[in-house]
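Every number in my numbering is 450 more than the matching position in the sequence shown, counting from 1.
Every residue gets a Cβ at the ideal spot worked out from N, C-alpha and C, and that includes glycine.
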Amino acid sequence: MFKKSILSLTLVFSFSTFALEKPEVMIFATGGTIAGSAQKATDITGYSAGEIAVSTLIEAVPEIADVADVKGIQVANTSSSNISNEILLELGREAKVALNGEAKGVIVTHGTDTAEETAFFLDLVNQTDKPIVVVGAMRPATAISADGPMNLLNAVTLATSDEAKGRGTMIMLNDFIGSAYYTSKTNSTSLDTFKAYDQGFLGTFAGGVPKFYFDAAQATGKPSFDISKIETLPQVDIIYSYLGMQADQLDALVASGSKGIVVAGSGNGSTPQAVRDRIAELQKKGIPVVLSSRTGTGYVTSKEHGIASGTLNPQKARIMLMLGLTKTQDLDELAALFGTDV
Ligand code: SIN
Numbered sequence: 451m452f453k454k455s456i457l458s459l460t461l462v463f464s465f466s467t468f469a470l471e472k473p474e475v476m477i478f479a480t481g482g483t484i485a486g487s488a489q490k491a492t493d494i495t496g497y498s499a500g501e502i503a504v505s506t507l508i509e510a511v512p513e514i515a516d517v518a519d520v521k522g523i524q525v526a527n528t529s530s531s532n533i534s535n536e537i538l539l540e541l542g543r544e545a546k547v548a549l550n551g552e553a554k555g556v557i558v559t560h561g562t563d564t565a566e567e568t569a570f571f572l573d574l575v576n577q578t579d580k581p582i583v584v585v586g587a588m589r590p591a592t593a594i595s596a597d598g599p600m601n602l603l604n605a606v607t608l609a610t611s612d613e614a615k616g617r618g619t620m621i622m623l624n625d626f627i628g629s630a631y632y633t634s635k636t637n638s639t640s641l642d643t644f645k646a647y648d649q650g651f652l653g654t655f656a657g658g659v660p661k662f663y664f665d666a667a668q669a670t671g672k673p674s675f676d677i678s679k680i681e682t683l684p685q686v687d688i689i690y691s692y693l694g695m696q697a698d699q700l701d702a703l704v705a706s707g708s709k710g711i712v713v714a715g716s717g718n719g720s721t722p723q724a725v726r727d728r729i730a731e732l733q734k735k736g737i738p739v740v741l742s743s744r745t746g747t748g749y750v751t752s753k754e755h756g757i758a759s760g761t762l763n764p765q766k767a768r769i770m771l772m773l774g775l776t777k778t779q780d781l782d783e784l785a786a787l788f789g790t791d792v
């Protein structure tokens, strides 16, 4: 898939009206339901994600050309569960090039299932104050009332908005603007799936215009990572805690190459006692273990046998730990990235 993405990077589609100079926006397309296609217009679950090219997605919304001079680059065209660490690195680097150049903003079209992970990664590696907007859809492009076209138009409008500056990476779906740091997918099929239950949305679209609820700000303590010299990200895995969980599952992960583990613990990062004991042993051997929560929301404080994930759910904690391990293996320094070192 990575080879395909490298090749397809050469395919650049440019859409603009030449009458007036418009702000430049770069769209990096990765697939997902927004590029999904089904046999029937009524089929909103039995479809193939990542079928339609970025050029077609843009052409389907001619109104985009009134807002921006848009260039589309096909990085991948796949279901978002196939987005690899290589694609994350590629997106991070390409976004940086675009944002350090003429682009006023960058858009990533993405499957919604893992959009929060890619968006969170991009939030941690974008060192400019220009916006990155991650956008998807819950209904395939072929569906009645497909949500992708309006989401894409909103994303382009958001990426060109002066008010979007300094807000980090955002997720744009269903008219709501969420901070990539805090927003997560919360419903398997509903259009109204992206939420930040504790922190709320940054804003909403009203009459085709972004309306922000707060002045621009970044997530508290958000670290920044320079990936320009990083060729691969370390393997970090997530393990789910449940009644009767066996501690040797952790050993199996380490044997398969894990350099760090995130536990989706019950409640405030809890696991059975035998698992706790094994986590403490692994940490002594240099394998950091982050305790997050399977509850889907809340702040994890447990740190007596691992690193507390704070506000980060397991999938975001994994991204943070992968990037953190490119800088340090020190447990206190890693904990500081989660804001839970004190
Ligand atoms: C995917 O994440 O690739 C499929 C689901 C979606 O985009 O909504």
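Next on the checklist: Within 10 Å of its beta-carbon, does Ile-557 have 16 or more other beta-carbons around it, so buried, or fewer, so exposed?
Outcome noted: Here Ile-557 is buried: its Cβ has 16 or more other Cβ atoms, across all protein chains shown, within 10 Å.
Checklist entry - Which class does Phe-664 belong to by DSSP, given the choice of helix, strand or coil? => result Of the three classes helix, strand and coil, the one that applies to Phe-664 here is coil, per DSSP.
Item to check | Stretch-stretch touch, CB-based, cutoff 8 Å, three pairs: the segment 611-625 with the segment 576-584 | outcome: Verdict: yes, contact present.
Checklist entry - Quick one: what does DSSP say Leu-741 is sitting in, helix, strand or coil? => result Note: Leu-741 maps to strand in three-state DSSP.
Checklist entry - Is Ser-505 helix, strand or coil by DSSP? => result Reduced to three states, the DSSP call for Ser-505 is helix.
Checklist entry - Between the segment 634-642 and the segment 652-668, are three or more C-beta pairs nearer than 8 Å? => result No: fewer than three Cβ pairs fall under 8 Å.
Item to check | Alpha carbon of Leu-541 to alpha carbon of Phe-570, nearest angstrom | outcome: When the Cα atoms are used, Leu-541 and Phe-570 turn out to be separated by approximately 12 Å.
Next on the checklist: Would you say the beta carbon of Ala-518 is closer than 7 Å to some non-hydrogen atom of ligand 2?
Outcome noted: Of the ligands one can find in the structure shown, namely ligand 1, none is ligand 2.
Next on the checklist: Only counting the same chain, and skipping five residues up and downstream in sequence, which positions put a Cβ closer than 7 Å to that of Ile-627?
Outcome noted: Cβ-Cβ distances below 7 Å link Ile-627 to Leu-608, Met-620, Phe-651, Leu-652, Gly-653, Thr-654, Pro-660 in the same chain, with the five nearest sequence neighbours on each side left out; the list follows chain order.
Checklist entry - alpha helix (DSSP H) containing Asn-601: first to last residue? => result 598-609 is the span of the alpha helix (DSSP H), which, as asked, contains Asn-601.
Checklist entry - With DSSP run on the structure shown, which of helix, strand or coil describes Asp-573? => result Residue state for Asp-573 is assigned as helix, using DSSP reduced to three classes.
Checklist entry - Quick one: is the Cβ of Leu-597 within less than 7 Å of any heavy atom of ligand 1? => result The sequence shown places Asp at residue 597, rather than the Leu named in the question. Not so, every heavy atom of ligand 1 lies at least 7 Å from the Cβ.
Checklist entry - So what's Ile-627 in DSSP terms, helix, strand or just coil? => result Of the three classes helix, strand and coil, the one that applies to Ile-627 here is strand, per DSSP.
Item to check | Nonlocal neighbours in the same chain, by C-beta distance under 6 Å from Thr-776, ignoring five residues either side | outcome: Excluding positions up to five away in sequence, the list reads Ile-680.
Item to check | Terminal residues of the beta strand (DSSP E) in which Ile-689 lies | outcome: Its beta strand (DSSP E) spans residues 686-690.
Checklist entry - In chain order, what residues of the same chain have a beta carbon less than 6 Å from the beta carbon of Ala-668, not counting five sequence neighbours either side? => result For clarity, residue 668 is Gln in the given sequence; the question names Ala instead. These residues qualify, in order along the chain: Gly-618.
Next on the checklist: What does the alpha-carbon distance come out to for the pair Leu-470 and Thr-610?
Outcome noted: Just so you know, the alpha carbons of Leu-470 and Thr-610 end up roughly 15 Å apart.
Next on the checklist: Taking its Cβ as the centre, do 16 or more other Cβ atoms sit within 10 Å of Ile-456, making it buried, or is it exposed?
Outcome noted: Bear in mind that the predicted position of Ile-456 carries a pLDDT of just 39, short of 50, making it too unreliable to give a figure here.
Checklist entry - Alpha carbon to alpha carbon, what distance is there between Thr-790 and His-735? => result According to the sequence provided, residue 735 is Lys. The question's His does not apply to it. Using only the alpha carbons, I get a separation of about 21 Å.
Next on the checklist: With a threshold of 8 Å between beta carbons, is Gly-561 in contact with chain C?
Outcome noted: In the displayed structure, chain C is absent; only one protein chain is listed.
Next on the checklist: Could you check whether the segment 590-602 touches the segment 528-547, counting it as contact only if at least three pairs of C-beta atoms, one from each stretch, sit closer than 8 Å?
Outcome noted: Result no; under three Cβ-Cβ pairs closer than 8 Å.
Checklist entry - Can you give the beta carbon distance from Gly-561 to Thr-483, rounded, assuming they're within the 8 Å contact cut? => result With a Cβ gap of about 6 Å, Gly-561 and Thr-483 count as contacting.
Next on the checklist: Taking its Cβ as the centre, do 16 or more other Cβ atoms sit within 10 Å of Lys-645, making it buried, or is it exposed?
Outcome noted: Under this definition Lys-645 is a buried residue.
Checklist entry - Cβ atoms of Val-686 and Gly-707: under 8 Å apart, would you say? => result Their beta carbons are not under 8 Å apart, which means Gly-707 does not touch Val-686 by this criterion.
Next on the checklist: Are the CB atoms of Leu-700 and Pro-738 within a distance shorter than 8 Å?
Outcome noted: Their beta carbons are not under 8 Å apart, which means Pro-738 does not touch Leu-700 by this criterion.
Item to check | Buried/exposed call for Ala-785, threshold 16 Cβ in 10 Å | outcome: By the 10 Å Cβ count, Ala-785 comes out buried.
Checklist entry - For ligand 1, any of its heavy atoms closer than 7 Å to the Cβ of Thr-483? => result Thr-483 Cβ: within cutoff of ligand 1.
Checklist entry - With burial defined as no fewer than 16 other Cβ atoms inside 10 Å of the residue's Cβ, what is the status of Lys-521: buried or exposed? => result By the neighbour-count criterion, in which a residue is buried when 16 or more other Cβ atoms sit within 10 angstroms of its Cβ, Lys-521 is buried.
Next on the checklist: Our contact map puts Glu-501 next to Ser-487 with C-beta atoms below 8 Å; I'd like the distance itself, whole angstroms only.
Outcome noted: So it is a contact: roughly 4 Å between Cβ atoms.
Checklist entry - For Lys-645, which of helix, strand or coil comes out of DSSP? => result It is a strand residue.
Next on the checklist: Along the chain, where does the beta strand (DSSP E) containing Asp-519 start, and where does it finish?
Outcome noted: From DSSP, the beta strand (DSSP E) with Asp-519 extends over 519-528.
Next on the checklist: Using a Cβ-based criterion (distance less than 7 Å to any ligand heavy atom), does Gly-717 qualify as near ligand 1?
Outcome noted: If you check the C-beta of Gly-717 against ligand 1, you find no heavy atom less than 7 Å away.
Checklist entry - Measuring CB to CB, does Ala-413 end up less than 8 Å from Val-517? => result The first residue shown for the chain is 451 and the last is 792, placing residue 413 beyond what the model contains.
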